[in-house]
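The structure under discussion appears below in the form of structure tokens.
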Amino acid sequence: MTTPQRTGPASGPAIVTRGLTRTFTAKKRTVEAVRGLDLEIERGELVAFLGPNGAGKSTTLRMLTTLLVPTAGTAEIEGYDVVRDQRAVRRSIGYVGQGNGAGHQQRGRDELVSQGRAYGLAKAEARSRADQLVAELDLGEVADRVVSTLSGGQRRRLDIALGLVHSPGVLFLDEPSTGLDPQNRANLQQQIRRLHTERGTTIVLTTHYLEEADALAQRVIVIDHGRVIADDSAARLKSSLGDLVTMGFADPEHAVLAAGRAAGRRPDAAVQRAGAVVRVRVAQGSELAPGLVQDLAAAGAPVTRLEVAGPTLDDVFLQLTGRSLREAGAATTEPSTGSSTENTLEGAAA
Amino acid sequence: MSIASDTTNVLTRELRPLVREPFGMLISLMQPLVFLALFAPLLPDLGPATSALQWFVPGIVAMSCLMGSSMVGASLTQEMITGSHERLLVSPLSRSSLLIGRALREIVPTLAQAALIIAIVTPFSFDLHLGGVLLGIAILALFCVGVGALSFALALASKDQEWLFWTVQQTVIFPILLLAGMLLPVDDGPGWLRFLSQLNPLTYVIDAERALFAGSLPLVTVLAGTGAAVLVALVGLTVGLRSMARSS
Chain A
1340 MTTPQRTGPA SGPAIVTRGL TRTFTAKKRT VEAVRGLDLE IERGELVAFL GPNGAGKSTT
1400 LRMLTTLLVP TAGTAEIEGY DVVRDQRAVR RSIGYVGQGN GAGHQQRGRD ELVSQGRAYG
1460 LAKAEARSRA DQLVAELDLG EVADRVVSTL SGGQRRRLDI ALGLVHSPGV LFLDEPSTGL
1520 DPQNRANLQQ QIRRLHTERG TTIVLTTHYL EEADALAQRV IVIDHGRVIA DDSAARLKSS
1580 LGDLVTMGFA DPEHAVLAAG RAAGRRPDAA VQRAGAVVRV RVAQGSELAP GLVQDLAAAG
1640 APVTRLEVAG PTLDDVFLQL TGRSLREAGA ATTEPSTGSS TENTLEGAAA
Chain B
703 MSIASDTTNV LTRELRPLVR EPFGMLISLM QPLVFLALFA PLLPDLGPAT SALQWFVPGI
763 VAMSCLMGSS MVGASLTQEM ITGSHERLLV SPLSRSSLLI GRALREIVPT LAQAALIIAI
823 VTPFSFDLHL GGVLLGIAIL ALFCVGVGAL SFALALASKD QEWLFWTVQQ TVIFPILLLA
883 GMLLPVDDGP GWLRFLSQLN PLTYVIDAER ALFAGSLPLV TVLAGTGAAV LVALVGLTVG
943 LRSMARSS
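So this is what it looks like as structure tokens:
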């Protein structure tokens, strides 16, 4: 990616919001979609808004991209106010929405050129920029076909190309990987990562895929009911939880003994027993487990089943809200089946 | 960037599929011809002095223009459903250009259709008065820009409910067509029908078309037709621009 980086006002954070609020009124009921959001995102950050459907992620994104006017509060992108300086904001940002940016009756390359013209590129410039993006996003074979004939993955790459035509300083992606197969999702993540490292673009994406937020973002902002409930790196969010060590026994008596031993070894552990199963949530649980298993075998309470699981962002969400993010999202269109196979495939592909 | 260059951008983008796939437009150009072929033989023989075609052709030209431009909102509905409308809303293109560029596009099929119909009927009993026809089509184009803008406003109001758009469009379009005396004269109809016809701006546009296509230039009729077309264009653009400004 050789295009020089476009710079807005010289310094200051990429995004600042103060008390950003949006309410909707439907059937005489007022719903607060986003409640008093205070955010500061530095230039060059790669941030994921994570939360279940309806949490307020997309509403926030729509306010930041001038599509929705905030009910209260302010937001600035590269120093421009999203209400007062709409046009300057629109010039500074790239936006990849949930739908397809390219018109389905159009050809991809044509759309790239007219997008470039819309951002003020001269004709020749717009053409060469389109060619460049077609090459970068591997669209060579399909750029001159009618968009409606492209596959989902190809269309998504075209959407991203459209968002990048003017080399924006800040790129917003709303649920970029929804509807893509695992292979395409992995490719997309790679492209986003590359854009971030090579160009230093500030990237904000929304997702309800835990794995995506985990694998991609430097900073995860967990949103629920229109509020930020956690804001840190995925690693730190998870490390505050510790590992989950699950032990199964032949006899509930053994489990009682094991629960006592585990708590004795590590006073900071959270120990739960249910019948013949003991669950221990503790930092560095994988180091605790081998000794504990030996100890229990010697004490006549052999462990019959052992599982040590590192914390996931879902655990983080569960701890923060008392709900699982998977359950919270499962109520909507997201296919609930196959999510576990997707995880493994995705891990392998990435 | 100025409104003019933004509008050019939107207009160029709208015209591109027509240029890339001219076959699609050719098909839609055929429709009024089929209509004409099936309807013209039913027209009464008015004697050698006045040709029925002379009366009927301006109506067909106006009808195909009204049909085409009232349906264009559907293309915007599609763009709203698939997402490209949202991308354009976030771009620096002005909201006005998103509407005006689209509405201006309606001039092109209007011109093409009129040219084709006239080219085909001229060898038959239709006298071509080029000056009058050109002026008539200019008035019609103005009218179509207004109808197109209203159609886009309807699409924006219907959001992604395509059925709503089509229901309203179909409900409104046929009374307007029939009340304008496009297919049958309303002069002999009952008083209430003639009254409704007089409220219909298309009536004045068609009266002007008929006069101009016949090579005459009755000032009052032509001015009334032009006035009606300008009114529709202004109302359409005002309503359309307001809807587009509020689109999100």
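For the protein sequence lines, the chains are A and B, in the order given. Following my numbering, the numbering of the first sequence begins with 1340 at its first residue and continues without gaps. Following my numbering, the numbering of the second sequence begins with 703 at its first residue and continues without gaps. Glycine residues also receive a C-beta, built at the ideal position from the N, C-alpha and C atoms.
Item                                                                                                                            : Value
Option in A:Asp1571, A:Asn1439, A:Ala1427 and A:Glu1464 with minimal Cα separation from A:Thr1405                               : A:Ala1427
Cβ-based contacts, 9 Å cut-off: residues of the region 1432-1455 of chain A near chain B                                        : Ile1432, Gly1433, Tyr1434, Val1435, Gly1436, Gln1437, Gly1438, Asn1439, Gly1440, Ala1441, Gly1442, His1443, Gln1444, Gln1445, Arg1446, Asp1449, Glu1450, Ser1453 and Gln1454
Test: A:Tyr1458 CB closer than 9 Å to a CB of chain B                                                                           : yes
Short Cβ contact (9 Å threshold) for A:Arg1620 with A:Gly1395                                                                   : no
Integer-rounded CB distance, given that A:Leu1478 should sit under 8 Å from A:Leu1497                                           : 6 Å
Local conformation of B:Leu828 per DSSP, three classes                                                                          : A small fix is needed here, since residue 828 of chain B is Phe in this sequence, not Leu. In the structure shown, B:Phe828 sits in coil (DSSP, three-state: anything other than H, G, I, E or B).
Per-residue DSSP class, three states only, for A:Ala1669                                                                        : Annotation note: pLDDT 44 at A:Ala1669 (below 50); position unreliable, coordinate value reported separately. It is helical.
Below-9 Å beta-carbon distance, A:Arg1496 vs any chain B residue                                                                : no
Span separating the alpha-carbon of B:Gly838 from that of B:Leu895                                                              : 25 Å
Per-residue burial, B:Pro760 [other beta carbons within 10 Å of its own, 16 or more giving buried]                              : buried
CB contact check: A:Val1561 to chain B, cutoff 9 Å                                                                              : no
Minimum Cβ-Cβ distance from A:Asn1682 to chain B less than 9 Å                                                                  : Bear in mind that the predicted position of A:Asn1682 carries a pLDDT of just 33, short of 50, making it too unreliable to give a figure here.
Cβ neighbours of A:Ala1474 in the same chain (closer than 8 Å, five flanking residues each side left out)                       : none
Proximity test, Cβ basis, 9 Å: B:Val792 and chain A                                                                             : yes
Inter-stretch contact (C-beta, 8 Å, three-pair minimum) for the region 1628-1646 of chain A and the region 1570-1579 of chain A : no
Contact set between the region 844-873 of chain B and chain A, restricted to residues whose Cβ is under 7 Å from the partner    : none
Helix, strand or coil at B:Tyr906 according to DSSP, with G and I counted as helix                                              : helix
C-beta contact flag for B:Leu852 and B:Ser777 at 9 Å                                                                            : no
Amino acids of chain B, ordered along the chain, whose beta-carbon sits closer than 8 Å to that of A:Thr1517                    : Chain B residues near A:Thr1517: none, gap ~12 Å exceeds 8 Å.
Minimum length 3: unbroken beta strand (DSSP E) runs contained in the region 1392-1452 of chain A                               : 1411-1416 and 1432-1435
Range covered by the alpha helix (DSSP H) that runs through B:Thr928                                                            : Leu921 to Arg948
is_contact[B:Glu781, chain A] using C-beta, thresh 9 Å                                                                          : yes
Which of helix, strand or coil DSSP assigns to A:Thr1517                                                                        : coil
Other residues of its chain near B:Gly938: CB distance less than 6 Å, five sequence neighbours each side excluded               : Gly848, Ala851 and Leu852
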